[in-house]
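Residues in the sequence shown are numbered consecutively from 1, following the UniProt record's numbering.
Built from N, CA and C at the ideal position, the CB exists for glycine as well.
The structure displayed is predicted, hence computed values, not measured ones.
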Amino acid sequence: MNASASPADVAAPASLWPQPPPSQLLRVALLQLPITNDKAQNLATAEAAIREAVTTGGGADLVILPECFNCPYGASYFGPYAEPIPGGPTTARLSALARELAIPVLVGGSIPERTPEGRLHNTALVFDRTGALVATHRKAHLFDVDVPGGIRFVESETLSPGDQVTTFPTPWGTAGLGICYDVRFPHLASIMVERDGARLLIYPAAFNTTTGPLHWELLLRSRAVDFGCWVMACSPSRVPGATYQAFGHSMIVSPWGTVVATCEAGPSLVRATIDMAQVHQARQAIPVLSQRRWDLYTCDRPAPADDKDNLARQTALKVNVRNV
Ligand SMILES: NC(=O)CCC(=O)C(=O)O
Numbered sequence: 001m002n003a004s005a006s007p008a009d010v011a012a013p014a015s016l017w018p019q020p021p022p023s024q025l026l027r028v029a030l031l032q033l034p035i036t037n038d039k040a041q042n043l044a045t046a047e048a049a050i051r052e053a054v055t056t057g058g059g060a061d062l063v064i065l066p067e068c069f070n071c072p073y074g075a076s077y078f079g080p081y082a083e084p085i086p087g088g089p090t091t092a093r094l095s096a097l098a099r100e101l102a103i104p105v106l107v108g109g110s111i112p113e114r115t116p117e118g119r120l121h122n123t124a125l126v127f128d129r130t131g132a133l134v135a136t137h138r139k140a141h142l143f144d145v146d147v148p149g150g151i152r153f154v155e156s157e158t159l160s161p162g163d164q165v166t167t168f169p170t171p172w173g174t175a176g177l178g179i180c181y182d183v184r185f186p187h188l189a190s191i192m193v194e195r196d197g198a199r200l201l202i203y204p205a206a207f208n209t210t211t212g213p214l215h216w217e218l219l220l221r222s223r224a225v226d227f228g229c230w231v232m233a234c235s236p237s238r239v240p241g242a243t244y245q246a247f248g249h250s251m252i253v254s255p256w257g258t259v260v261a262t263c264e265a266g267p268s269l270v271r272a273t274i275d276m277a278q279v280h281q282a283r284q285a286i287p288v289l290s291q292r293r294w295d296l297y298t299c300d301r302p303a304p305a306d307d308k309d310n311l312a313r314q315t316a317l318k319v320n321v322r323n324v
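Below, the structure is given as structure tokens:
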């Protein structure tokens, strides 16, 4: 299992988790928050929502924040809002909250990260009930798209991609972690599930009003059915006048592909108590994971000859897939 935080930054995971509850019930809360230009305000909004999620409505075991929850989603903001991880104020604040409220799993959405070398990443953070940073994920597939008449966004103008597949243990089974555009890449989810044993896939995300209506629900339900997993995606809410209009519609999807909880575009707390036993049930009933024809599948599509980085990445992916 990989987490892109260095070993010194990450507590030894398995020993920290309590035993899974026999019922396998997991209380999930997605915090669809309004993100403003004021970082302090964004952190205060997140803190208030986390407190509400775990102290009201029956509580929550797994709390998930949106992509870029401390920063407006836009290339010009990533640098000025970036922090080191760990060592920055957002990591410290989330760690303290996870510890104070004893939250079993807090997925601190994502934030812009500045590395010691000066690179910028879009990075998700995961804390356990002791406040330890147990995993980080640097967005692996950058959102570089140009939809005529719709949206043009080029994350790679400012951000560098991560180079890790990220999974981590929880008391309810292994979780896979991606960020937004990563959900479009089933090979990533395949490795989380088929190599690392993920039973739930978590995506802090910020789709938009062009691609959201077309693809958001379709992609989340596809990943759930492709891999017999619970899938959870948490978006910012739509903020009138913001340069990037988030789609909202944070969503929890069962391993059968049903949407068990969602919302519209405004600020929302999306809750569900989910049964992890459904993962086993769905995989037993429709056993596509054990019916794979690896003998038929190859990933030999060549990268453009001048794109050596891409070729190296594809080759690494191919090795991982074929080793499953
Ligand atoms: N923040 C993102 O990665 C946006 C992804 C998106 O909107 C998409 O259509 O994919």
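Residue i versus the options, residue with shortest Cα-Cα distance
{"i": "residue 30", "options": "24, 275, 237", "result": "237"}
{"i": "residue 257", "options": "270, 230, 273, 235", "result": "230"}
{"i": "residue 214", "options": "168, 147, 227", "result": "147"}
{"i": "residue 226", "options": "82, 138, 190", "result": "190"}
{"i": "residue 118", "options": "69, 255, 40, 78", "result": "78"}
{"i": "residue 128", "options": "233, 264, 107, 137", "result": "107"}
{"i": "residue 132", "options": "65, 161, 219, 100", "result": "100"}
{"i": "residue 126", "options": "202, 150, 182", "result": "202"}
{"i": "residue 103", "options": "86, 55, 76, 263", "result": "55"}
{"i": "residue 222", "options": "210, 120, 185, 272", "result": "185"}
{"i": "residue 284", "options": "220, 228, 249", "result": "228"}
{"i": "residue 218", "options": "251, 241, 194", "result": "251"}
{"i": "residue 265", "options": "297, 289, 296, 216", "result": "216"}
{"i": "residue 116", "options": "87, 109, 58, 153", "result": "87"}
{"i": "residue 254", "options": "246, 239, 272", "result": "272"}
{"i": "residue 263", "options": "81, 159, 24, 233", "result": "233"}
{"i": "residue 136", "options": "159, 40, 109", "result": "109"}
{"i": "residue 35", "options": "150, 73, 207", "result": "73"}
{"i": "residue 259", "options": "209, 293, 288, 224", "result": "224"}
{"i": "residue 152", "options": "209, 92, 249, 24", "result": "209"}
{"i": "residue 288", "options": "194, 149, 207", "result": "194"}
{"i": "residue 249", "options": "220, 243, 95, 240", "result": "220"}
{"i": "residue 76", "options": "134, 159, 295", "result": "159"}
{"i": "residue 95", "options": "134, 38, 247, 81", "result": "134"}
{"i": "residue 171", "options": "181, 178, 187, 105", "result": "105"}
{"i": "residue 37", "options": "165, 295, 242, 24", "result": "242"}
{"i": "residue 187", "options": "51, 57, 24, 297", "result": "297"}
{"i": "residue 81", "options": "240, 166, 93, 39", "result": "39"}
Presumed contact (8 Å Cβ cut-off) between residue i and residue j, rounded CB distance
{"i": "residue 282", "j": "residue 67", "result": "Going by Cβ atoms, the distance from residue 282 to residue 67 rounds to 27 Å, so no, they are not a contact pair."}
{"i": "residue 176", "j": "residue 192", "result": "3 Å"}
{"i": "residue 163", "j": "residue 155", "result": "Going by Cβ atoms, the distance from residue 163 to residue 155 rounds to 15 Å, so no, they are not a contact pair."}
{"i": "residue 26", "j": "residue 274", "result": "5 Å"}
{"i": "residue 269", "j": "residue 49", "result": "7 Å"}
{"i": "residue 83", "j": "residue 113", "result": "7 Å"}
Sequence-distant residues of the same chain with beta carbon closer than 8 Å to residue i, five excluded per side
{"i": "residue 173", "result": "20, 197, 198, 199, 200, 276, 279"}
{"i": "residue 14", "result": "Bear in mind that the predicted position of residue 14 carries a pLDDT of just 43, short of 50, making it too unreliable to give a figure here."}
{"i": "residue 33", "result": "42, 45, 46, 49, 65, 66, 69, 236, 237, 267"}
{"i": "residue 22", "result": "Interpretation of residue 22 is limited by its pLDDT of 45, a score under 50 that renders its predicted location unreliable; the figure taken from the coordinates is listed afterwards. Cβ neighbours of residue 22 beyond the five flanking positions: none."}
{"i": "residue 150", "result": "210, 211"}
6 Å Cβ shell around residue i - same chain, five flanking residues per side excluded
{"i": "residue 291", "result": "none"}
{"i": "residue 161", "result": "140, 142"}
{"i": "residue 138", "result": "4, 121, 123, 162"}
{"i": "residue 111", "result": "70, 90"}
Residue range of the unbroken beta strand (DSSP E) whose run includes residue i
{"i": "residue 65", "result": "Neither: residue 65 is in no beta strand (DSSP E) and is coded neither H nor E."}
{"i": "residue 136", "result": "133–138"}
{"i": "residue 144", "result": "144–146"}
{"i": "residue 24", "result": "No beta strand (DSSP E) contains residue 24, which DSSP labels as neither H nor E."}
Where the alpha helix (DSSP H) through residue i begins and ends
{"i": "residue 120", "result": "Element bounds for residue 120: not the alpha helix (DSSP H) but the beta strand (DSSP E), 120–128."}
Contacts around residue i, its chain only, beta-carbon distance under 7 Å, and the 5 residues preceding and following it disregarded
{"i": "residue 53", "result": "29, 31, 60, 63, 269"}
{"i": "residue 245", "result": "208, 209, 238"}
Just list the beta strand (DSSP E) runs in the stretch 226–312, keeping only unbroken ones of 3 residues or longer that don't cross its boundaries, in chain order. Entirely contained in the stretch 226–312, the beta strand (DSSP E) runs reaching 3 residues are, in chain order, 230–234, 251–253, 259–262, 268–275.
Ordered list of beta strand (DSSP E) runs contained in the stretch 148–224, each at least 3 residues: With a minimum length of 3 residues, the continuous beta strand (DSSP E) runs that stay inside the stretch 148–224 are 152–154, 166–168, 174–177, 198–204.
Enumerated in chain order, which unbroken segments of the beta strand (DSSP E) with a length of 3 residues or greater are wholly contained in the stretch 45–111? Here the runs fully enclosed are 62–64.
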